[in-house]
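For the record, the sequence lines run as chains A and B. Here the numbering used here is used: the first sequence runs in plain steps of one and ends on residue 385. Here the numbering used here is used: the second sequence runs in plain steps of one and ends on residue 483.
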Amino acid sequence: MADSKVLLEVRKLSVEFSGFQALTDVNMKIYEGELRVIIGPNGAGKTTFMDLVTGKTTPTAGRIYFDGADITKKSASEIAKKYKIGRKFQGPNVFDNMTVKENVEIATEGYEGLFRSIFFRKTDAFKERVNQILREIELYDYRHFMACDLSHGQRQWLEIGMVFAQNPKLIILDEPTAGMTAEETFKTGEMIKKLKGEHTIIVVEHDMDFVRQVAEFVTVFNYGRLLAEGPLEEVQKNPEVIAVYLKED
Amino acid sequence: MRERLKKIPVNKYIDLALFLFLVTFPLYQKTYWIYVMSGIMAYMIFALSLDLLWGYTGLMSMGHSVLFGAGGYMVGISCAYLSEASWIKYDRLPWFLTPLSSEIGAFIMALVVPGIIALFIGLFMFSGKIRGVFFSLITLALAGIAELFVINQSTYTHGDSGITITSRTVLSNSADKRMTDFGFYFVVFAFLLAAYLLCVLLMKSRTGKVLKAVRENESRLQFLGYKPASFKLFIFVVSGMMAGLSGVLFVRVQGSINYTAIGINLATLVLVWVAVGGRGNLTGAMVGTILLQVAETILNSTFSNISADFAQYWKLALGVIILIIVFFIPKGFVGTLVEAEQRRKDRNRKERILRKGGVNGNG
Ligand SMILES: Nc1ncnc2c1ncn2[C@@H]1O[C@H](COP(=O)(O)OP(=O)(O)OP(=O)(O)O)[C@@H](O)[C@H]1O
Ligand SMILES: [Mg+2]
Numbered sequence: 137m138a139d140s141k142v143l144l145e146v147r148k149l150s151v152e153f154s155g156f157q158a159l160t161d162v163n164m165k166i167y168e169g170e171l172r173v174i175i176g177p178n179g180a181g182k183t184t185f186m187d188l189v190t191g192k193t194t195p196t197a198g199r200i201y202f203d204g205a206d207i208t209k210k211s212a213s214e215i216a217k218k219y220k221i222g223r224k225f226q227g228p229n230v231f232d233n234m235t236v237k238e239n240v241e242i243a244t245e246g247y248e249g250l251f252r253s254i255f256f257r258k259t260d261a262f263k264e265r266v267n268q269i270l271r272e273i274e275l276y277d278y279r280h281f282m283a284c285d286l287s288h289g290q291r292q293w294l295e296i297g298m299v300f301a302q303n304p305k306l307i308i309l310d311e312p313t314a315g316m317t318a319e320e321t322f323k324t325g326e327m328i329k330k331l332k333g334e335h336t337i338i339v340v341e342h343d344m345d346f347v348r349q350v351a352e353f354v355t356v357f358n359y360g361r362l363l364a365e366g367p368l369e370e371v372q373k374n375p376e377v378i379a380v381y382l383k384e385d
Numbered sequence: 121m122r123e124r125l126k127k128i129p130v131n132k133y134i135d136l137a138l139f140l141f142l143v144t145f146p147l148y149q150k151t152y153w154i155y156v157m158s159g160i161m162a163y164m165i166f167a168l169s170l171d172l173l174w175g176y177t178g179l180m181s182m183g184h185s186v187l188f189g190a191g192g193y194m195v196g197i198s199c200a201y202l203s204e205a206s207w208i209k210y211d212r213l214p215w216f217l218t219p220l221s222s223e224i225g226a227f228i229m230a231l232v233v234p235g236i237i238a239l240f241i242g243l244f245m246f247s248g249k250i251r252g253v254f255f256s257l258i259t260l261a262l263a264g265i266a267e268l269f270v271i272n273q274s275t276y277t278h279g280d281s282g283i284t285i286t287s288r289t290v291l292s293n294s295a296d297k298r299m300t301d302f303g304f305y306f307v308v309f310a311f312l313l314a315a316y317l318l319c320v321l322l323m324k325s326r327t328g329k330v331l332k333a334v335r336e337n338e339s340r341l342q343f344l345g346y347k348p349a350s351f352k353l354f355i356f357v358v359s360g361m362m363a364g365l366s367g368v369l370f371v372r373v374q375g376s377i378n379y380t381a382i383g384i385n386l387a388t389l390v391l392v393w394v395a396v397g398g399r400g401n402l403t404g405a406m407v408g409t410i411l412l413q414v415a416e417t418i419l420n421s422t423f424s425n426i427s428a429d430f431a432q433y434w435k436l437a438l439g440v441i442i443l444i445i446v447f448f449i450p451k452g453f454v455g456t457l458v459e460a461e462q463r464r465k466d467r468n469r470k471e472r473i474l475r476k477g478g479v480n481g482n483g
């Protein structure tokens, strides 16, 4: 991994919400093609970290570099469109009163500007791409359903599919398997493993079976700090990590 | 063929029926009703313009009449100037209104001025991240301000007496040119049809889908690389120009304009039409307008026939009926119908998926 390129790097990243220090001096590097799993107890700052990377929140200190550029104060839409970071939120966050297909179409990259959208005509390639994503997330049969009529797990898949449709360089998935059955969770794990190598992926998860299924390299957050980092087997043996997070296992 | 017909949503059939009804209406009606229906069709364009904004994009403008009235007043001022109305004291129009001295100029101004007003309101609101109920309240306040503004600017607007418009044509403002009620009905009808088709095309396009996404989950859209503000600005300007057009047509039909056309009264009325008909499918906006305006016309004449004192109370009765409708079917008449159809289709699809799963084994 040492010889591959650094895609995302954060340096001394901190954020404070009116006196509450949610993230403190986080340094982290994500390499191109890597699948990184972030774990940590509730409130550790995992989601906050993603908010910073995707431009939802601005850090109080520190810098974020992506693909060689400083993206620290860029807007969310610029980070998504120009730098190509795609994000799935914690808890499905989709367009409820629109069909599954419309959701995927909206997410499909390349037509985000106003003028391009006005003069947009669906090409065969576009339709094929949308259908392919619908099949990958196993929602092809459900494409005419409103997103709000899907099951919780299906909504999670829909949002994962929307992130695929963005064709991002970096995919960020915040608890993608929350609320899924064991079978669905396993399928999701396989879906994500298939993407490994082609895409760079950061996944936050609590489900340890899932983590074992997909993870190689793991970062552990605790109280807004980076507690440990390393291959899964190593981290699992780390007494500090066991004390704060893995003890229930 | 049958499959394709089945795919067409139920409200498109209503649209077709509605336009067939409207195009044949003057053939068997008396002039009075042709005149009334012409005004209603102008209002339908207005309701469509609000539906783009409120129904599709989720921007509940409570002061949409400002744009309707701005269009109407452009024609009003032009008419008064060209026909040298007796109340006019000024010699020349101010520089920014000079286009009103030509007939084509007045028509263009009636579209452009509401567009510019919408642009500025939009720039202010959307770059300042004003959303939801704040957007509604500010637009409501603007309607109130606009009403006072046209009353105060009496040099050009003739204050609260308003302006009488003597011509009834699309463009001309000279008093001697006047189309018949019958003829002008079809002019308004053509504009309504064009406005409707424009709305259908726009909302079917990707832009339309993005606007729906703005309504559903604006912040999520940013993380897909969109700038919601530019889309909102775009639809606000389009909707504003359309409202301006409806203002022009209405004023031409009615033959006068005063502050009520720009104020809170009309702003609320159009909200009610769209709410009763149902938001976000175009049909509801048109059906709501026609139902309530026809009801108003009939109730108005029946009640004033009974006794003059009674005339004030029919509005109260209508208000109560509207409240009941909105309470029991919050999606409006057409919205409820469309939803029921979607439900039925969903059930059929689910059955089909289950059957398929059964054949393929577990699934
Ligand atoms: N916008 C905000 N304003 C104030 N406090 C916030 C904000 N966002 C996050 N926090 C706080 O920061 C802390 C970290 O939250 P975060 O959501 O990042 O945790 P997490 O690791 O994702 O937890 P979970 O596993 O429960 O999702 C929490 O205590 C949370 O209350
Ligand atoms: Mg979280």
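Glycine residues also receive a C-beta, built at the ideal position from the N, C-alpha and C atoms.
Check: Below 7 Å from a heavy atom of ligand 2 - residues by beta-carbon; Outcome: Lys182/A, Thr183/A, Gln226/A, Asp310/A, Glu311/A, Val340/A
Check: Identity of the residue in Lys323/A, Lys263/A, Gly204/A, Gly155/A nearest glutamate 402/A by Cα; Outcome: Not covered by the structure: residue 402/A. The range shown for chain A is 137 to 385.
Check: Per-residue DSSP class, three states only, for aspartate 280/B; Outcome: helix
Check: Chain B residues whose Cβ lies nearer than 7 Å to that of threonine 190/A; Outcome: Phe343
Check: Distance cut-off 7 Å: asparagine 178/A Cβ against heavy atoms of ligand 1; Outcome: yes
Check: Between the CA atoms of tyrosine 201/B and isoleucine 441/B - distance to the nearest angstrom; Outcome: 43 Å
Check: Proximity winner among Leu286/A, Gln268/A, Lys323/A, relative to aspartate 260/A (alpha-carbon distances); Outcome: Gln268/A
Check: Residues bridged to threonine 235/A (per DSSP); Outcome: Met282/A
Check: Alanine 158/A Cβ short of 7 Å to ligand 1 heavy atom set; Outcome: yes
Check: Ligand 1 heavy atom lying under 7 Å from the CB of phenylalanine 227/B; Outcome: no
Check: Own chain partners of glycine 483/B with C-beta closer than 6 Å, once the 5 adjacent residues on each side are dropped; Outcome: Caution applies to glycine 483/B, whose pLDDT of 38 falls short of 50 and renders its modelled position unreliable; the model cannot decide the point.
Check: C-beta atoms of phenylalanine 188/B and glycine 439/B nearer than 8 Å; Outcome: no
Check: Proximity below 8 Å, CB of proline 228/A to CB of arginine 279/A; Outcome: no
Check: With 16 other Cβ atoms within 10 Å as the buried cut-off, status of glutamine 342/B; Outcome: buried
Check: Close-in-space but distant-in-sequence residues of the same chain around glycine 481/B (CB under 7 Å, 5 per side omitted); Outcome: Its pLDDT being 38, under 50, glycine 481/B is placed unreliably by the model, and the measurement read from it follows with that caveat. There are no such residues.
Check: Beta carbon proximity, serine 154/A to chain B, threshold 8 Å; Outcome: no
Check: Euclidean distance between Cα positions of threonine 184/A and leucine 257/B; Outcome: 33 Å
Check: Interface flag, leucine 144/A vs chain B, CB-CB below 8 Å; Outcome: no
Check: Length of the line joining the Cα atoms of phenylalanine 225/A and asparagine 178/A; Outcome: 15 Å
Check: Helix, strand or coil at valine 146/A according to DSSP, with G and I counted as helix; Outcome: strand
Check: Local Cβ density within 10 Å of asparagine 385/B, reported as buried at 16 or more and exposed below that; Outcome: exposed
Check: Leucine 250/A to threonine 218/B span [Cα, whole Å]; Outcome: 33 Å
Check: Interfacial residues, the region 323-341 of chain A to chain B, with Cβ spacing under 8 Å; Outcome: none
Check: Same chain, Cβ closer than 6 Å to arginine 335/B, neighbours up to 5 away in sequence not counted; Outcome: Thr177, Gly178
Check: Chain A residues whose Cβ lies nearer than 7 Å to that of tyrosine 346/B; Outcome: Ser213, Glu248
Check: CB of methionine 349/B within 8 Å of CB of serine 181/B, strictly; Outcome: Checking the sequence shown, residue 349/B turns out to be alanine, not methionine. Contact flag unset, no.
Check: Under 9 Å by beta carbon: chain A residues contacting phenylalanine 351/B; Outcome: Leu250, Ser253
Check: Which of helix, strand or coil DSSP assigns to threonine 355/A; Outcome: strand
Check: DSSP bridge partner residues for valine 151/A (one or two, in chain order); Outcome: Leu159/A
Check: Backbone CA spacing between lysine 324/B and phenylalanine 145/B [nearest angstrom]; Outcome: 29 Å
Check: Distance between alanine 301/A and leucine 309/A (C-alpha atoms, nearest Å); Outcome: 14 Å
Check: Delimiting residues of the alpha helix (DSSP H) encompassing phenylalanine 202/A; Outcome: No alpha helix (DSSP H) holds phenylalanine 202/A; the beta strand (DSSP E) holding it covers 197-202.
Check: Contact set between alanine 364/A and chain B, taken where Cβ atoms lie within less than 9 Å; Outcome: Simply none; closest approach about 29 Å.
Check: Cα-Cα separation, lysine 127/B to threonine 235/A; Outcome: 15 Å
Check: Aspartate 206/A burial status per 10 Å Cβ neighbour count (16 or more: buried); Outcome: exposed
Check: Phenylalanine 453/B beta carbon near ligand 1 (any heavy atom closer than 7 Å); Outcome: no
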